[in-house]
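Participant:
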Amino acid sequence: MTETSRTPEPSAGRTSRTGRREEGAPAPRSSQWARAPFPRQSFSTLKDRSVRIDAHHHLWDLSVRDQPWTSDVPALRRTFTAAELRPALERNAIDATVVVQTIAVPQETPELLALTCTDPQVRAVVGWTDLTEPGIADRLAELREQPGGSALVGIRHGIQDETDPQWPARPEVRRGITSVAAAGLVYDLLVRPDQLPSAVRAVRELPDVRFVLDHAGNPVVSPDGLVSWTALLTDLAECPNVTVKLSGLVTRTGGDPAAALRPYADVLFETMGPDRLMYGSDWPVCLLAAEYDEVVAVAESLTEELSADEREAVFGTTAARWYGIPS
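Numbering that gives the first Met the number 0 applies: residue 0 is where the sequence shown begins, and numbers increase by one.
(1) Let me check understanding here. Comparing Cα to Cα, which of PRO167, VAL104, LEU184 lies closest to ARG143?
(2) Kindly indicate which three-state DSSP category GLN40 falls into: helix, strand or coil?
(3) Among VAL125, THR302, ALA180, which one has its Cα closest to the Cα of HIS156?
(4) By Cβ distance below 6 Å, which residues in the same chain neighbour VAL295 in space, the five residues on each side in sequence not counted?
(5) Keeping to the same chain, check which residues put their C-beta closer than 6 Å to that of CYS116; ignore five residues upstream and five downstream.
(6) What is the rounded straight-line gap between the Cα of PHE79 and the Cα of LEU58?
(7) CB ARG122 to CB THR96, shorter than 8 Å?
(8) Taking C-alpha atoms, which residue in ARG138, ALA318, GLU141, ALA87 lies nearest to VAL241?
(9) Helix, strand or coil: which one does DSSP assign to HIS214?
(10) Report back the beta-carbon spacing between THR131 and GLY175 to the nearest angstrom; my notes put them in contact at under 8 Å.
(11) Does DSSP put ASP53 in a helix, a strand or coil?
(12) What is the DSSP secondary structure of ASP187, counted as helix, strand or coil?
(13) At what residue ranges does the segment 226-273 contain a whole run of the beta strand (DSSP E), taking only runs of 3 or more?
(14) On a Cα-Cα basis, can you pick out the residue from ASP118, LEU195, ILE158, ILE135 that is closest to SER178?
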């Protein structure tokens, strides 16, 4: 676990080696967009350009469906609902959210889609389907016909739970991911650090697929981990068909998460650029390390040196554009 105004353009300019804007310098711009095969979607689907989006959280009800992965995590071994999350969203001025699948069962995604019919803040769903199923195109069409089906914006499989570090390279998996793209959906990548090289290759070799890298690839927060992760993110940034979630990282640190994550955020700002980054809380998994308000505070601290437009990108416009989140 562990998604007629014009989209705002970031300012052109230079960055320091840390990725932070130099005093008086224009804000950095991600040059990869000039080569992107995907048109920027208009922002007319949202009420205003300052909308804030939590692009990654989970919900589950243990009375409806078990979450076996929580069996060894007592703090998460209970029901987490949209009603419980709502006060935190309101305190932090979050207008819309993307709820993301948690388990590889076909019943969960229709349940999440139905939720969007009754909860105005849950605007989009990244669901699950079997990528290796020969009839995946039909299955995706069926999901679109479910109540709330128009809110389906992406598909994810927990690659991190696969023992094979080359799982994203399997031909049947590649065919499934291509079918996801053919259906107009994004594919969310959830990988372990040892699977990140294979994920980068998949992004490079499937240029017509829109990818999102969840949790910035789950880096190892250590000096050596930073070096290897930076090299891979630098390669990934050359691919215009991918964005990255600034999510799920507080649970990978101890002590002061903002200080520990600053070098990683700087790499993301310098390589990907703010217009290819999106904030996600990873609630309720984040509760293992921090409350929702604290997670937002860390993200705001990491983005405090960006321009207002760049912060808007991280906290809303990137997710709205990439996922095509409806109003």
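The beta-carbon is built from N, C-alpha and C at its ideal position, and this holds for glycine as well.
Facilitator: Walking through what the data contain:
(1) For the purposes of this step, residue 143 is taken as residue 144 along the sequence shown, with counting starting at 1. Nearest Cα to ARG143 within the set PRO167, VAL104, LEU184: LEU184.
(2) Mapped onto the sequence shown, residue 40 falls at position 41. At GLN40 the pLDDT is 36, less than 50, meaning the model places this residue with poor confidence; the figure from the coordinates comes in the next sentence. Looking at GLN40 - three-state DSSP - the assignment turns out to be coil, as it is neither helix nor strand.
(3) Along the sequence shown, read from residue 1 onward, the residue named residue 156 stands at position 157. Here the closest residue by C-alpha is VAL125.
(4) If you number the sequence shown from 1, residue 295 lands on position 296. So the list reads ASN91, once near-sequence residues are dropped.
(5) Translated into positions along the sequence shown, residue 116 becomes position 117. Apart from sequence neighbours up to five positions away, the residues of its chain that approach CYS116 with a beta-carbon distance below 6 Å are PRO146, GLY147, ordered along the chain.
(6) Here residue 79 refers to the residue found at position 80 of the sequence shown. Here residue 58 refers to the residue found at position 59 of the sequence shown. If you take the alpha carbons of PHE79 and LEU58, they lie about 5 Å apart.
(7) Residue numbering aside, residue 122 sits at position 123 when the sequence shown is read from its first letter. Residue numbering aside, residue 96 sits at position 97 when the sequence shown is read from its first letter. The answer is yes: Cβ separation under 8 Å.
(8) The residue given as residue 241 occupies position 242 in the sequence shown. If we check each option's Cα against that of VAL241, ALA318 comes out closest.
(9) If you number the sequence shown from 1, residue 214 lands on position 215. The answer is helix: DSSP assigns HIS214 an H, G or I state.
(10) As a working note, residue 131 is residue 132 in the sequence shown. As a working note, residue 175 is residue 176 in the sequence shown. Indeed they touch by this definition, with Cβ atoms about 6 Å apart.
(11) Indexing the sequence shown from 1 puts residue 53 at position 54. Note: ASP53 maps to strand in three-state DSSP.
(12) As a first step, residue 187 must be located in the sequence shown, where it is residue number 188. If DSSP states are grouped into helix, strand and coil, ASP187 belongs with the strands.
(13) 241-245, all fully within the segment 226-273.
(14) Numbered from 1 along the sequence shown, position 179 holds the residue referred to as residue 178. That would be ILE135, whose Cα lies nearest to the Cα of SER178.
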